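Chemist: Going by the UniProt record's numbering, the sequence shown opens with residue 1, and the numbers climb by one from there. Structure incoming, see below.
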Amino acid sequence: MNSRERVNTTLNHKEPDKVPIDLGGNQSSIHIKAYKKLLDYLEIEDENVQYADFVQQIVRPCDKILERFGIDVRYVQPLGGMVRVQDMEPQYEGKYVGLYDQFGVFWGNDAKKDLDEILYYDPVIHPFADFKSVSDIRDFNWPDGKDKTPFNGLKECAKDLRDNTDFALSTPPVGCIYEYCTFLFGFTKTLRYLRTKPEF
């Protein structure tokens with residue numbers, strides 16, 4: 001049974017030849033600190049360490065690691081969405097250090113901490129925090145949802161993996177629209193507005 005068959009068998013609630021193994025998704029990847037230690041321990045080089053998700057500080061494992069552990073799944077995700085660890089330039093906003101995302105949410109942690117001590121980042125600056133009306137939301141400088149640049153080459157990458165490997169393919173699931181509202185407004189304000197301002 002190859003990897004794709006193993007995963008499909010499992011998803012169909014049948015018993016595979018062995019338990020499928022996943023590593024590299026938003027819910028299944030490895031923290032950058034643990035990843036670097038693992039690379040050192042196994043004497044494997046990854047010269048292009050990339051974040052799969054900067055917020056969680058998880059990485060996209062290199063092929064050598066995936067092969068070493070017999071990982072059954074390969075992730076297909078927007079190629080433009082990866083942040084190279086080497087290119088990560090932290091920004092300082094008041095008492096926080098972190099990064100802004102494309103929606104203007106600042107993902108940060110305590111600026112007094114050494115960067116090496118930070119294990120994850122939280123949404124700490126919310127661009128909609130002071131919005132009072134629907135028109136404020138309409139007038140917001142939204143990212144261009146029609147910009148296909150992050151998806152350049154994605155179809156070809158997926159097709160190559162499907163046609164030339166036996167791996168199961170997946171894409172990292174992301175939160176629903178309500179989750180992102182908590183990032184834009186702040187958690188408390190989102191819950192309050194669901195009750196008091198449903199038009200939002």
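Heads up, the beta-carbon is just placed ideally off N, CA and C, and yes, glycines get one too. As the structure is a prediction and not an experimental result, all values here were calculated from the model.
(1) Since GLY98 sits in a beta bridge, which residues does DSSP pair it with?
(2) Give me the Cα-Cα distance between GLY24 and ARG195, rounded to the nearest whole angstrom.
(3) Entirely within the segment 120-180 and at least 4 residues each: give me those alpha helix (DSSP H) ranges in chain order.
(4) Please state the DSSP three-state secondary structure of VAL73.
(5) DSSP three-state label for VAL49, please.
(6) By DSSP, does VAL59 sit in helix, in strand, or in coil?
(7) Excluding the 5 residues preceding and the 5 following PHE183 in the sequence, name in chain order all residues of the same chain whose CB lies nearer than 6 Å to its CB.
(8) Does the beta-carbon of ASN109 have 16 or more other beta-carbons within 10 angstroms, so that it is buried, or is it exposed?
(9) Evaluate HIS126 with the Cβ neighbour count: other Cβ atoms within 10 Å of its Cβ, from every protein chain shown; 16 or more gives buried, anything less gives exposed.
(10) Nearest-angstrom Cα distance between ILE71 and LYS132?
(11) Report, in whole angstroms, the separation of the C-beta atoms of residue 201 and PRO78, which I expect to be a contact under 8 Å.
(12) Taking 7 Å as the cut-off, decide whether the C-beta atoms of VAL76 and ASP22 are in contact.
Modeler: Working from what's here:
(1) GLN91, GLY108
(2) 37 Å
(3) 134-138, 154-164
(4) strand
(5) coil
(6) strand
(7) VAL105, PRO123
(8) buried
(9) buried
(10) 48 Å
(11) Nothing in the structure corresponds to residue 201, since the chain is present only between 1 and 200.
(12) no
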